[in-house]
Amino acid sequence: MDQHATYLFTYGTLMQGFDNPFAENLRANSVYEGKGYFPGLLYLISWYPGAVFNANAPLRVHGEIYKLMYPKALIAELDDYEDVFEGEKSSLYLRKTVPVTTENNDSIHCWVYLYNQSVAGLSLIEDGRFKHLA
8 MDQHATYLFT
18 YGTLMQGFDN
28 PFAENLRANS
38 VYEGKGYFPG
48 LLYLISWYPG
58 AVFNANAPLR
68 VHGEIYKLMY
78 PKALIAELDD
88 YEDVFEGEKS
98 SLYLRKTVPV
108 TTENNDSIHC
118 WVYLYNQSVA
128 GLSLIEDGRF
138 KHLA
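Going by our numbering, the sequence shown wraps up at 141, each residue one higher than the last.
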């Protein structure tokens with residue numbers, strides 16, 4: 008994979024199999040590169056998950072890697088979907104660059120939407136894989 012390209016790592020409702028306009032737009036404007044993971048914790052927020060990156064975590068957050076064809080436009084739309092605001096404290100998620108391990112054990116830096124609120128009282132998804140609730 009081209010290390011200078013713009014990649015997005017998804018672990019929730021933007022993954023394949025989820026039927027919403029934002030996931031469909033991501034698939035239409037990117038190239039699926041495969042599965043991957045990063046060290047961290049995955050929580051069930053409501054009908055959607057939230058991940059916290061922690062390089063020293065014993066657990067992993069699993070998801071999918073996409074190479075974005077039109078990153079500027081797509082990222083702006085996804086920032087809206089993920090409730091990323093100029094004021095970080097009020098943002099539900101923050102878009103950060105995180106090293107993601109690919110299926111080939113390569114490391115690639117990807118944009119990831121990380122949960123930006125308290126995780127107190129939330130259920131930990133121990134296997135790090137978000138699944139449909141329906």
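Backbone N, C-alpha and C define an ideal beta-carbon position, used for all residues, glycine too.
It should be emphasised that the depicted structure is a prediction, and the values quoted were computed from it without experimental measurement.
Helix, strand or coil at S97 [DSSP, three-state]: Reduced to three states, the DSSP call for S97 is helix.
So does the region 89-103 actually touch the region 70-79, counting three or more Cβ pairs closer than 8 Å? Verdict: no, contact absent.
Measuring CB to CB, does G43 end up less than 8 Å from T109? Yes, the pair counts as a contact, with Cβ atoms nearer than the cut-off.
Burial state of Q10 (16 or more Cβ within 10 Å): With a pLDDT of only 44 at Q10, under the threshold of 50, the placement of this residue in the model should not be trusted, and no figure is reported.
Using DSSP with H/G/I as helix, E/B as strand and the rest coil, what is Y88? DSSP places Y88 in helix when its eight states are reduced to three.
Do you know how far the Cα of L51 is from the Cα of W118? If you take the alpha carbons of W118 and L51, they lie about 20 Å apart.
Out of L129, A58, M76, S98, point me to the one whose CA is closest to Y39's CA. Checking every option, the nearest Cα to that of Y39 belongs to M76.
Nearest neighbour of A30, chosen from A62, L121, E84, S98 [CA to CA]: Among A62, L121, E84, S98, the Cα nearest to that of A30 is on E84.
Please state the DSSP three-state secondary structure of P28. If DSSP states are grouped into helix, strand and coil, P28 belongs with the helices.
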